[in-house]
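*Asks:*
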DNA sequence: CCGAACCTGTGT
DNA sequence: ACACAGGTTCGG
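In the working numbering, the protein residues as written are 1 to 272.
1. Buried or exposed, going by whether 16 or more other CB atoms sit within 10 Å of the CB of residue 121?
2. Given this structure, state the Cα-to-Cα distance separating residue 105 from residue 18, to the nearest angstrom.
3. Using the three-state DSSP reduction, which class does residue 200 fall into: helix, strand or coil?
4. DSSP beta-bridge partners for residue 50?
5. Does the region 154-170 come into contact with the region 93-112, if we say contact requires no fewer than three beta-carbon pairs (one atom in each stretch) closer than 8 Å?
6. Are residue 70 and residue 170 close, meaning C-beta to C-beta below 7 Å?
7. Quick one: complete alpha helix (DSSP H) runs, 4+ long, within the region 164-238?
8. Tell me which same chain residues have a C-beta within less than 7 Å of the C-beta of residue 36, skipping the five on either side of it?
9. When the Cα atoms are used, what is the spatial distance from residue 181 to residue 46?
10. Does the region 73-87 come close enough to the region 106-119 to have 3 or more Cβ pairs within less than 8 Å?
11. Grab me the residues of residue 161's own chain with a C-beta within less than 7 Å of its C-beta, minus the 5 sequence neighbours each way, in chain order.
12. Nearest CA to the CA of residue 208: which residue from 133, 138, 23, 256?
13. Going by C-alpha to C-alpha distance, which of 195, 199, 203 sits closest to residue 178?
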């Protein structure tokens, strides 16, 4: 579910409640969503620590504990992390992590489909992701040339390149489709043929992401921010989820196809 | 590179 | 019963 704008919204909405809090008690109820170093115990690793910062890289929420340790949290398709001012909050069979904060309520992580992951970082939460997450799409150091150099070295469809988190991170199915629409680029166009259009595509990527953050993310069904509130960006989407509706630019009908196994939404007339 | 796999839930 | 869903990884 959450792509970059949703995780960014989550981070911002959780920060005032979590920053500086001490984790009094923790319950990790499913081993299979944890990536932990052998011999480490998630509870012992966590309990008694102070939350010293919240960050984000791509679609990962970085929870920094004291002594440079922490957790890198991924939400898969259906994950949520909600802060409740007091217990119990929503705890059911899909709630896999619960943290009780001293005097500051409780955080519950739910992931009904269990595609999410908690990656333990015993030394450096931003480094633990290694090369599985490339430069963040909103990183100011990313420019058109670098963007093109990263994505353009392949004959794969440009949309598949945008979805590859090892190259540039943060885009998922919604915002890849939206960015390609704004840039006027056909999703199946081969990446190696985008010569001269990288600057424009990167501008479109940044545009759709920052607008979505401004609207606090897109909620189709399960996305919620740190207080359990829905995002308001859905009504601002141009093509995603709008099959059969008029293109906002040329009034042709938005189409849907399947690319790399993902539903792909585009205007057949504006995008080439 | 595509499809399948990993999961549960929802809508037709 | 079947298709589909905001993601990632693996095998062929």
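Backbone N, C-alpha and C fix where the C-beta goes; we use that ideal spot for every residue, glycine too.
*Replies:* Once the coordinates are examined:
1. buried
2. 9 Å
3. helix
4. 22
5. no
6. no
7. 173-183, 198-214
8. 42, 120
9. 43 Å
10. yes
11. 151, 154, 167, 191
12. 138
13. 203
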